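Beneath this line is the structure, given in structure tokens, with notes to follow.
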Amino acid sequence: MKAHRLIFAVIILFCFVVLVVGGWGTAVQAGTISSPVLKWQHGGCYSSWCETGWYSSPAVADLDNDGKPEVIASPYTVFALNGEDGTVQWDAGTQNNRTWPGVVVADIDNDNDLEIAVAQGSGYLTVYDHNGNEVWSRRPETNELRGLSVFDLDADGTDELVVTATGDEVNTYVYEHTGTLRSGWPQLSNDSGYGWGVYNDNAALGDLDNDGQGELVIPSDVHYINAYEANGTQIPANAIYGGKGWGQVGIWESLAIELRGWGACDGVRAESYRTNFADGPAVIADVNGDGVVEVVATGNVYDCDAGYPPSRYIGVYIFNADRSRFNEDGYNWETVPINTGAPLSESYSVIESAMPNPVVADLDGDGEKEILFASYDGRLHAFWLDKTEHHNWPYNVSNTGPGIRFASEPVVVDLDDDGFAEVIFASWPQKGSNYVGKLHVLNYQGSVLYEINLPAPYGSPDWNGAMAAPTLANIDADVDLELVLNTAHSGIVAYDLPGTANARVLWGTGRGNYQRTGSFLQGSLDGSGLGTNNSLPDGGDTFTVQIRLKNPGPTLPSVSLTSAIPGEVNYAGGLTASSGTPAFGSGEVSWAGAVLPGTPVTIQYEVTVDGGITDPTPIVFTAVLDDGEGNQDQLTAMIIANGLPTYLPLIAKP
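Residue numbers (our numbering): 9 to 662.
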């Protein structure tokens, strides 16, 4: 006869948690800015050498939801490193194909789990799960993929992956989150515009026309910029261009020649100076704060009569969504800044190329955005909307050490929360010099706060620096930010940024966010939660209430919450926060701070149940969230004081 037994299990949990997605934070307190301190180096290196790091900006995320963020970086191999010490948690891929664009970390399939995507040499696009297992891989080209961006183009709740390739006019591929090539792609596959290979992480993705759908702006190796709807159709240009699409309007220094539609290339400057965008990215941003986005682009101005090389200077443009040149609020960009600086070198055998990735951020707190970019003239530029460089800008990076030196894409952050931003970037020297680049920290006026030599090259290389944009994130258990670099020859490197608990991150990683869109995404606290460590306390018991804030990105710099103490319990102290500023007063817990992508912010405090409660009594905890962007939400959790556990039988075979 078969034996049976009864197994009793508690199945009632009187605790309800409302969730929302992603994130992590910084904290609060203005003060003196301290020097960066080297935290660890040689992340991802081997016993005697490191893979060469190129222009791929790292990401930071708590991939496994253990409360400890990982640094995800890819010189060639994809590495997930422990934030505390830089040791390898897992690695994926091979050492055969370099990674040019920044590592993407996003929940591309909307399943509340993060994926990692990389685009690499030999034409490979690969998606990994949070453990480093390959989900899918595609090879649209055999040429190198130098661009990767992720965006929900059709607003269906899942992301599309956009890759751009070197080689020819068919340079842009769009994949669904499943790896299926999206209808209408690749482009450019018709005569709606002109294009060629994309030789940098140039694409900008965002909602250009406020229709709720995403558009794609694709600069490439011609003096044209293509702009597409999500279905691959070319976006029409303003009627002043005679019925052309974006990709049919050439970009000349002179607007008159641009409107005419052609230049003579005869040595006359107006007829001959035009701008090539092989290495020139775009950014979608509202530069003047009127609620309408523009397209900012940088490119290489050359003389089409003399040919290339030599180049003349890096040009900077602001276009409206209809491709006309920006002219609003007294800021007329129909004429553009010229002669920003001739190249010091255009030979990568002398020094690796400078990439003029534009960064759009409000440096001085006046509500209008400035445009920053590094140039082959050895300087980091910062243009105000009046088309001039204020204060001590541009900053001459090449003067900071022997030989030629170039700057990375910068990040922009108000480190001490004084309303004025700091600009942080890395540099690299010419080859064969035995020199190292630096980590540079400037104030909003372009004056030096700190310049620190980067680590020496590890192994046989004879120079070191960092060509990729830094990444700002909290990678450990303290309240301050850290800065992570993908260096050329010393692996992944991290620096502590002391006293930055209240930092406001304005542009915190390569191309502005971990989706690498070159646009401003809307952060979200969907995925946040409220809970307790005891769902059935007795009268007089003390237990912990925990609020966990998560944001998939980009940074939400001004989040606040309030959590009223229910009348059935008494506040018992123990208030802590992993970042930001917590406080207690007038019967409620409050918190304020930033929630960055990558690691949750945890706020917790203790309460004691009123000893006079003897009957089962429901107690509801709430937390009201304000994301600082005009959105509010409420988290709820319920416990039962003096509740009785209920046991139900479960029949199981022995």
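Using N, Cα and C, we set each Cβ at its ideal position, and we do this for glycine too.
Owing to the predicted nature of the structure, the values given are computational and were not obtained by experimental measurement.
| said: Considering just the uninterrupted stretch of the beta strand (DSSP E) at I412, what are its terminal residues? | reply: Mapped onto the sequence shown, residue 412 falls at position 404. Judged by DSSP secondary structure, I412 falls outside any beta strand (DSSP E); it is assigned neither H nor E.
| With contact counted as at least three CB pairs below 8 angstroms, one residue from each stretch, are the stretch 481-494 and the stretch 342-358 in contact? | No, they do not touch.
| Just the Cα atoms here: how many angstroms apart are P608 and G582? | If you number the sequence shown from 1, residue 608 lands on position 600. If you number the sequence shown from 1, residue 582 lands on position 574. Spanning the two alpha carbons is a distance of roughly 19 angstroms.
| task | Work out the CA separation of P624 and L652 for me, nearest whole Å. | result | Here residue 652 refers to the residue found at position 644 when the sequence shown is read from its first residue. Here residue 624 refers to the residue found at position 616 when the sequence shown is read from its first residue. Distance between the alpha carbons of L652 and P624 is about 8 angstroms.
| request: Could you check what DSSP says for G518 in three-state terms: helix, strand or coil? | output: Numbered from its first residue, the sequence shown carries residue 518 at position 510. In the three-state scheme derived from DSSP, where H, G and I count as helix and E and B as strand, G518 is classed as helix.
| said: Using the Cβ count rule (16 or more neighbours within 10 Å means buried), how would you classify W436? | reply: Translated into the one-based positions of the sequence shown, residue 436 becomes position 428. Buried.
| What residues in its chain sit with their C-beta under 7 angstroms from that of W254, if we drop five residues either side in the sequence? | Reading the sequence shown from its first residue, position 246 is the one you call residue 254. Here the set comprises G201, I233, N234, A235, Q242, I243, A245, R331.
| task | Classify N284 as buried or exposed, calling it buried when 16 or more other Cβ atoms lie within 10 Å of its own Cβ. | result | As a working mapping, residue 284 is identified with position 276 in the sequence shown. It is buried - the Cβ of N284 has at least 16 other Cβ atoms within 10 Å.
| field | Span separating the alpha-carbon of V577 from that of Q640 | value | Looking up residue 577 in the sequence shown gives position 569. Looking up residue 640 in the sequence shown gives position 632. Taking the CA atoms as reference points, V577 sits about 26 angstroms from Q640.
| field | Length of the line joining the Cα atoms of W32 and G520 | value | Counting from 1 along the sequence shown, the entry for residue 32 is found at position 24. Counting from 1 along the sequence shown, the entry for residue 520 is found at position 512. Note that W32 scores 23 on pLDDT, short of 50, meaning its location in the model is unreliable and no value can be drawn from it.
| message | Within 10 Å of its beta-carbon, does D311 have 16 or more other beta-carbons around it, so buried, or fewer, so exposed? | response | Numbered from its first residue, the sequence shown carries residue 311 at position 303. Result: buried.
| Proximal residues to Q554 (C-beta, below 8 angstroms), its chain only, five neighbours per side dropped | In the sequence shown, the residue the question calls residue 554 occupies position 546. If we look at Q554 and ignore the five residues flanking it on each side, its Cβ neighbours are L538, G539, T540, N541, T610, I611, Q612.
| message | Taking contact to mean 3 or more Cβ pairs, one atom from each stretch, closer than 8 angstroms, check whether the stretch 559-577 and the stretch 248-265 are in contact. | response | Contact between the stretch 559-577 and the stretch 248-265 is not established, with fewer than three Cβ pairs separated by less than 8 angstroms.
| request: Tell me, to the nearest whole angstrom, how far the beta carbon of D313 is from that of S280; I am working on the premise that it is less than 8 angstroms. | output: For this step, residue 313 is matched to residue 305 along the sequence shown. For this step, residue 280 is matched to residue 272 along the sequence shown. Correct: roughly 5 angstroms between the Cβ atoms.
| task | Since I believe L633 is in contact with L544 (beta carbons under 8 angstroms), could you give me their beta-carbon distance rounded to a whole number of angstroms? | result | If you number the sequence shown from 1, residue 544 lands on position 536. If you number the sequence shown from 1, residue 633 lands on position 625. Incorrect: roughly 27 angstroms between the Cβ atoms, too far for contact.
| request: Check each candidate in S536, A580, A572 and name the one with the smallest Cα separation from T550. | output: Walking along the sequence shown from the start, residue 550 turns up at place 542. Taking each of S536, A580, A572 in turn and checking the Cα distance to T550, the smallest one comes out for A580.
| request: Please determine, among G499, N210, Q49, R268, the residue with the shortest C-alpha to C-alpha distance to A173. | output: In the sequence shown, the residue the question calls residue 173 occupies position 165. Nearest option by C-alpha distance: N210.
| message | To the nearest angstrom, how far is the alpha carbon of A272 from that of L450? | response | Your numbering for residue 272 matches position 264 in the sequence shown. Your numbering for residue 450 matches position 442 in the sequence shown. Cα to Cα, the separation comes out at about 43 angstroms.
| task | Using the Cα positions of N365 and T134, report the straight-line distance between them to the nearest angstrom. | result | For this step, residue 365 is matched to residue 357 along the sequence shown. For this step, residue 134 is matched to residue 126 along the sequence shown. Going by the C-alpha atoms only, they are around 24 angstroms apart.
| From L388 to G593, what distance separates their C-alpha atoms? | Walking along the sequence shown from the start, residue 388 turns up at place 380. Walking along the sequence shown from the start, residue 593 turns up at place 585. In this model, L388 and G593 are separated by some 47 angstroms (Cα to Cα).
| said: On the CB-based measure, 16 or more other CB atoms within 10 Å of its CB, does A362 come out buried or exposed? | reply: Numbered from 1 along the sequence shown, position 354 holds the residue referred to as residue 362. Counting the other Cβ atoms within 10 Å of the Cβ of A362 gives 16 or more, which makes it buried.
| query | Helix, strand or coil for L493 per DSSP? | reply | On the sequence shown, position 485 is the one that residue 493 refers to. Assignment of L493 by DSSP, reduced to helix, strand and coil, places it in the strand class.
| query | What's the C-alpha gap between P77 and D70? | reply | Within the sequence shown, the letter at position 69 stands for residue 77. Within the sequence shown, the letter at position 62 stands for residue 70. Near 4 angstroms, if we compare the C-alpha coordinates of D70 and P77.
| field | Cutoff 7 angstroms; reference Q453; Cβ partners in own chain excluding five residues on either side | value | Counted from its first residue, the sequence shown places residue 453 at position 445. H399, N400.
| request: Quick one: residues in its chain with C-beta nearer than 7 angstroms to the C-beta of N139, no 5 flanking neighbours on either side, listed in chain order? | output: Taking the sequence shown and counting its residues from 1, one reaches residue 139 at position 131. In the same chain as N139, and ignoring 5 residues on each side of it, the C-beta atoms closer than 7 angstroms to its own belong to W98, in chain order.
| Looking at C-alpha atoms only, which residue of P605, G595, T630 is the closest neighbour of L533? | As a working note, residue 533 is residue 525 in the sequence shown. For the residues P605, G595, T630, the minimum Cα distance to L533 belongs to P605.
| What number of angstroms, rounded off, separates the C-alpha of V79 from the C-alpha of H185? | Within the sequence shown, the letter at position 71 stands for residue 79. Within the sequence shown, the letter at position 177 stands for residue 185. The alpha-carbon of V79 is positioned some 23 angstroms away from that of H185.
| request: Kindly indicate which residue of A572, T616, G619, V617 has the alpha-carbon position closest to the one of W599. | output: Looking up residue 599 in the sequence shown gives position 591. Of the residues A572, T616, G619, V617, the one whose Cα lies closest to the Cα of W599 is A572.
| Applying the criterion that 16 or more other CB atoms from any shown protein chain within 10 Å of the CB defines a buried residue, is F515 buried or exposed? | To locate residue 515, count along the sequence shown from 1; it is residue 507. In the sequence under discussion, the amino acid at residue 515 is Trp, which differs from the Phe named in the question. Buried, since its Cβ has 16 or more Cβ neighbours within 10 Å.
| query | Going by the CB atoms, is the gap between V113 and V126 shorter than 8 angstroms? | reply | Along the sequence shown, read from residue 1 onward, the residue named residue 126 stands at position 118. Along the sequence shown, read from residue 1 onward, the residue named residue 113 stands at position 105. With contacts defined by Cβ atoms closer than 8 angstroms, V126 and V113 do not form a contacting pair.
| task | Quick one: grab the DSSP three-state call for V405. | result | In the sequence shown, the residue the question calls residue 405 occupies position 397. Looking at V405 - three-state DSSP - the assignment turns out to be helix.
| said: To the nearest angstrom, how far is the alpha carbon of A350 from that of A286? | reply: Walking along the sequence shown from the start, residue 350 turns up at place 342. Walking along the sequence shown from the start, residue 286 turns up at place 278. The alpha-carbon of A350 is positioned some 17 angstroms away from that of A286.
| Where does N335 land, buried or exposed, given buried means 16+ other C-beta within 10 angstroms? | What you label residue 335 is simply residue 327 of the sequence shown in a count that begins at 1. Exposed.
| Taking the C-alpha atoms as reference points, what is the distance between I41 and L153? | The residue you call residue 41 lines up with position 33 of the sequence shown. The residue you call residue 153 lines up with position 145 of the sequence shown. Cα to Cα, I41 sits roughly 39 angstroms from L153.
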